[in-house]
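Worksheet: the structure to be examined is printed underneath.
Protein chains: 2
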Amino acid sequence: MVNIAVLGYGTVGSGVVEVLRTNQESINRRAGQEINLKYVLDLRDFPGDPVEEILVHDYNTILNDDDVRIVVEVMGGVNPAYQFVKDALLKGKSVCTSNKELVAKHGAELLEIAKNNKINFLFEASVGGGIPIIRPLNQSLTADEIVEISGILNGTTNYILTKMSKEGLAFDAVLKEAQELGYAERNPEADVEGYDACRKIAILSSLACGHQVDYEDIYTEGITKITDIDFKYADKLGVTIKLIGSSRKVEGGFAAMVAPKMISKEHPLAGVNGVMNAIFVKGNVLGDVMFYGAGAGKLPTASAVVSDVVDAVKHMGTNIMTIWNTRKAELVDIKNVSTRFFVRIKGSMNEKLDKANAVFKGKAVTVDGLDGEFGYVTAPMTEKDYSSAAAEFNGIISMIRYEG
Amino acid sequence: MVNIAVLGYGTVGSGVVEVLRTNQESINRRAGQEINLKYVLDLRDFPGDPVEEILVHDYNTILNDDDVRIVVEVMGGVNPAYQFVKDALLKGKSVCTSNKELVAKHGAELLEIAKNNKINFLFEASVGGGIPIIRPLNQSLTADEIVEISGILNGTTNYILTKMSKEGLAFDAVLKEAQELGYAERNPEADVEGYDACRKIAILSSLACGHQVDYEDIYTEGITKITDIDFKYADKLGVTIKLIGSSRKVEGGFAAMVAPKMISKEHPLAGVNGVMNAIFVKGNVLGDVMFYGAGAGKLPTASAVVSDVVDAVKHMGTNIMTIWNTRKAELVDIKNVSTRFFVRIKGSMNEKLDKANAVFKGKAVTVDGLDGEFGYVTAPMTEKDYSSAAAEFNGIISMIRYEG
Chain A
19 MVNIAVLGYG TVGSGVVEVL RTNQESINRR AGQEINLKYV LDLRDFPGDP VEEILVHDYN
79 TILNDDDVRI VVEVMGGVNP AYQFVKDALL KGKSVCTSNK ELVAKHGAEL LEIAKNNKIN
139 FLFEASVGGG IPIIRPLNQS LTADEIVEIS GILNGTTNYI LTKMSKEGLA FDAVLKEAQE
199 LGYAERNPEA DVEGYDACRK IAILSSLACG HQVDYEDIYT EGITKITDID FKYADKLGVT
259 IKLIGSSRKV EGGFAAMVAP KMISKEHPLA GVNGVMNAIF VKGNVLGDVM FYGAGAGKLP
319 TASAVVSDVV DAVKHMGTNI MTIWNTRKAE LVDIKNVSTR FFVRIKGSMN EKLDKANAVF
379 KGKAVTVDGL DGEFGYVTAP MTEKDYSSAA AEFNGIISMI RYEG
Chain B
19 MVNIAVLGYG TVGSGVVEVL RTNQESINRR AGQEINLKYV LDLRDFPGDP VEEILVHDYN
79 TILNDDDVRI VVEVMGGVNP AYQFVKDALL KGKSVCTSNK ELVAKHGAEL LEIAKNNKIN
139 FLFEASVGGG IPIIRPLNQS LTADEIVEIS GILNGTTNYI LTKMSKEGLA FDAVLKEAQE
199 LGYAERNPEA DVEGYDACRK IAILSSLACG HQVDYEDIYT EGITKITDID FKYADKLGVT
259 IKLIGSSRKV EGGFAAMVAP KMISKEHPLA GVNGVMNAIF VKGNVLGDVM FYGAGAGKLP
319 TASAVVSDVV DAVKHMGTNI MTIWNTRKAE LVDIKNVSTR FFVRIKGSMN EKLDKANAVF
379 KGKAVTVDGL DGEFGYVTAP MTEKDYSSAA AEFNGIISMI RYEG
């Protein structure tokens with residue numbers, strides 16, 4: 019029998035308890051022994067709840083109980099989660115967490131402590147909710163050098179963009195509806211500004227390159243400036259607009275970014291709609307694979323956490339190798355990365371097309387009934403060259419990176 | 019340093035050698051030690067080839083060399099692969115294979131030998147080529163009871179159906195083109211009759227239920243009877259036609275089947291086109307996940323084989339638990355399984371609709387310009403009830419199972 023403790027009885031924490039109860043028999047069979055939930059830590063009381071009798075308010079009860087071999091951290095936030103997790107690892111307890119901030123910020127250090135103590139620090143649920151991605155990256159794609167990871171990593175923004183795309187609605191209207199349905203927070207900044215996706219692509223980038231990628235170093239742009247008019251151009255161009263977190267091997271290292279992008283309707287990520295998430299991985303010998311599923315939600319996330327608990331039980335006394343060290347990865351400055359750009363240009367094509375062709379070397383696109391402007395897809399150019407060209411070009415309304 | 023031997027220097031075997039050379043450094047880092055290719059077994063000679071000096075013709079050289087700790091079997095076919103693999107395992111050598119026939123037929127027995135000898139029998143490449151699916155099923159989805167696995171498991175048939183769907187062509191014309199392009203064998207039976215998909219869903223079903231599912235017990239129907247007219251009805255119904263291998267938990271156990279199905283265009287499998295494969299899995303707490311990628315091909319398949327080699331090196335001396343025992347799984351007789359059916363009915367709706375409504379209790383569908391027949395989607399009914407009703411109903415041209 020292995021005793022475990024759950025830190026935090028919120029949405030994911032109560033999901034973990036529910037999953038452990040619902041699938042008790044098969045989980046124990048998979049783990050090879052019985053998993054016993056000994057404590058749940060929360061500051062609150064839950065009178066009448068099944069966990070009432072194992073609820074504790076003081077973390078030291080768990081930390082100092084040598085019978086507890088695995089700690090499940092599902093509180094979220096960096097503090098006090100970081101100290102709790104670090105203390106548990108230093109005491110020789112394995113830790114499974116769903117906490118993306120914690121993993122993005124301190125993953126490398128916590129992995130090192132786990133390695134030194136022959137225990138495990140596992141975080142499958144920190145990216146993509148229920149989608150198996152961390153373990154596949156770490157244990158399945160081991161024959162490959164990863165050359166690209168691109169993902170739809172945030173369900174809220176994907177719901178909003180899908181709805182805008184299918185129903186021709188404006189951003190604000192869809193955000194309001196998403197908030198009413200509970201798909202978006204009342205303060206939606208972390209989602210719509212891309213911060214949530216940024217932490218997740220930081221974790222995936224670190225695993226792809228083996229070194230610490232700081233999320234502060236990743237260029238991040240949200241979806242608040244995407245309009246219904248952009249989707250009209252997208253339709254005409256045979257592309258769709260998705261918020262993509264990506265990390266690509268380019269000359270000199272990895273280039274990472276979170277930004278809305280126009281992607282071909284034939285791309286596997288293009289069909290990922292609503293609150294679903296997906297992570298697309300390109301290996302140098304494997305080619306393209308994609309992992310798809312619910313990127314959030316109580317039970318899917320809890321399922322991923324519990325799969326980590328099973329793995330921790332199976333690997334009691336051995337560290338599962340994870341290549342992610344504390345050395346800081348040198349990301350390539352995105353100013354030097356090339357891509358194509360879709361721009362909306364104010365004015366008439368008659369007047370401005372020649373100049374656009376001279377500067378951007380691409381092709382124009384028009385949408386019926388849309389007067390006083392036209393669209394333009396540039397030739398591939400560096401972000402730096404685009405910025406200087408756009409600054410000089412009179413009348414650029416907006417820009418979306420284009421990978422059609 | 020770990021010495022390995024590769025059995026068979028055909029497409030996958032030469033791919034394995036290429037992957038080991040191309041990514042030597044990162045593979046050794048992932049494995050934690052150097053992997054050395056000591057022998058390649060093939061009956062043929064390869065003068066001038068890089069493997070010339072390590073080529074052997076007699077399997078006993080490998081079997082009796084105690085330095086060889088891992089054997090990679092990529093010869094295909096059950097004989098002599100089965101004997102070779104069994105002998106290797108009995109000698110305490112781990113085995114990694116891409117051989118779906120071998121795994122489908124003898125997987126449970128070979129896993130048991132591996133377990134008893136504290137070594138490993140790994141077969142990631144036997145289903146879905148480069149797509150990580152065996153390891154995720156076995157090690158990631160451990161918190162769930164699997165309630166459904168459905169997959170597009172054969173690239174040749176998916177290429178044919180995609181082409182028929184997009185270009186309105188007939189089966190024979192597309193098959194011929196696929197043969198010319200090398201996407202289909204000159205003798206295409208194993209693919210187009212669904213036998214290849216059947217072996218793969220047998221393996222996945224065994225892993226889902228933990229017991230031996232014999233592929234001979236799985237109802238299998240190919241795509242040779244699918245016509246361009248079926249796709250016209252599909253378009254009208256907002257569905258597409260895919261060859262689906264599926265295994266579902268129903269009352270009384272698992273129901274497994276390979277058959278062309280009309281599936282909703284919104285289903286994640288509907289967007290999987292051309293030679294790509296995908297496996298959709300539903301867990302009782304996780305919900306839906308899908309794994310997508312190249313289901314065949316030299317390097318993707320070799321990548322999966324080499325990832326198994328890395329895993330075997332990392333788990334030297336320990337058996338990775340795989341729940342699949344030799345006890346035969348009792349599949350539910352599909353006669354008792356319910357679904358909807360799409361049928362083409364010869365004759366005029368005026369004459370036959372009342373009878374169709376009375377017997378099939380569903381709804382009719384017509385396609386402009388298609389005279390002398392109409393389509394009909396039945397209410398959900400068991401296969402048995404459908405068969406009796408169809409036998410009595412005069413003028414059924416063809417039937418496709420419908421999950422729109």
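Taken in sequence, the protein lines are chains A and B.
Counting from 19, one number per residue, gives the positions in the first sequence under the numbering used here.
Counting from 19, one number per residue, gives the positions in the second sequence under the numbering used here.
Glycine included, every Cβ here is placed at the ideal spot set by N, Cα and C.
Computed from a predicted model, the values in this text were never measured in an experiment.
Query                                                                                                                             : Result
Pair within 7 Å by beta-carbon distance, A/SER44 and A/ALA330                                                                     : no
Contacting residues, own chain, Cβ-Cβ under 6 Å from B/ASN156 (five flanking each side not counted)                               : THR340
Bounding residues of the beta strand (DSSP E) (the contiguous stretch that carries B/TYR420)                                      : 414 to 421
Beta-carbon proximity check, A/ILE95 vs A/ALA312, cutoff 7 Å                                                                      : Looking at the sequence provided, one finds Gly at residue 95 of chain A rather than Ile. The answer is no: Cβ separation not under 7 Å.
Validate contact between the region 81 to 91 of chain A and the region 114 to 134 of chain A using beta carbons, cut 8 Å, 3 pairs : yes
Any C-beta of chain A under 7 Å from that of B/ILE418                                                                             : no
7 Å Cβ cutoff met for A/VAL383 and A/GLY393                                                                                       : yes
Range of the contiguous alpha helix (DSSP H) that encloses B/SER406                                                               : 401 to 410
Reduced DSSP category for B/ASN368 - H, G, I as helix; E, B as strand; rest coil                                                  : helix
DSSP state of A/LEU304 mapped onto helix, strand, coil                                                                            : coil
Proximal residues, the region 329 to 350 of chain A versus chain B, C-beta separation under 9 Å                                   : ASP329, LYS332, THR336, ILE338, MET339, ILE341
Contact belief for B/GLY413 with B/LYS364 at Cβ below 8 Å, rounded distance in angstroms                                          : 4 Å
Min CB distance A/MET182 to chain B below 7 Å                                                                                     : no
Residue interval of the beta strand (DSSP E) (run including A/ALA273)                                                             : 271 to 282
Close Cβ partners of B/GLY256 (< 8 Å) along its chain, the five nearest in sequence each way excluded                             : SER282, LYS283, GLY422
Contact between the region 256 to 272 of chain B and the region 366 to 380 of chain B (3+ Cβ pairs under 8 Å)                     : no
Against chain E: residues of the region 301 to 325 of chain A by CB proximity under 9 Å                                           : Of the protein chains in this structure, namely A and B, none is chain E.
Beta-carbon separation (whole angstroms), A/LEU73 vs A/ILE53, contact threshold 8 Å                                               : So it is not a contact: roughly 18 Å between Cβ atoms.
Backbone secondary structure at B/PHE249 - three-state DSSP                                                                       : helix
Listed by chain order, chain A residues near B/ILE149 by CB distance under 7 Å                                                    : VAL307
A/GLY50: contacting residues in chain B (beta-carbon distance under 7 Å)                                                          : MET339
Cross-strand partners of A/HIS229 (DSSP beta bridge)                                                                              : A/ASN343
Reduced DSSP secondary structure (H/G/I, E/B, other) of A/ALA132                                                                  : helix
Start-to-end residues for the beta strand (DSSP E) that takes in A/VAL89                                                          : 86 to 91
Interface flag, B/ASP3 vs chain A, CB-CB below 7 Å                                                                                : The question about residue 3 of chain B has no answer here: the residues shown for chain B are numbered 19 through 422.
Nearest-angstrom Cβ-Cβ length linking A/GLN51 and A/MET19, presumed shorter than 8 Å                                              : 6 Å
Interfacial residues, the region 24 to 46 of chain B to chain A, with Cβ spacing under 7 Å                                        : VAL37, THR40, ASN41, SER44, ILE45
B/LYS381 in three-state terms, based on DSSP                                                                                      : strand
Closest Cα partner of A/PHE359 within the set A/SER416, A/LEU287, A/CYS227                                                        : A/SER416
Residue of B/VAL103, B/LYS381, B/TYR310 minimising C-alpha distance to B/PRO286                                                   : B/TYR310
Stretch pair the region 318 to 325 of chain B + the region 155 to 170 of chain A: three plus CB contacts closer than 8 Å          : yes
Counterpart residues of A/SER168 in DSSP-defined beta bridges                                                                     : A/SER264, A/PHE298
Rounded C-alpha distance that separates A/SER406 from A/LEU371                                                                    : 18 Å
Short CB-CB distance (under 7 Å) between B/PRO398 and chain A                                                                     : no
7 Å Cβ cut-off: residues of chain A touching B/ALA161                                                                             : VAL37, ASN41, ILE45, SER321, VAL324, SER325, VAL328
Minimum Cβ-Cβ distance from A/PRO286 to chain B less than 7 Å                                                                     : yes
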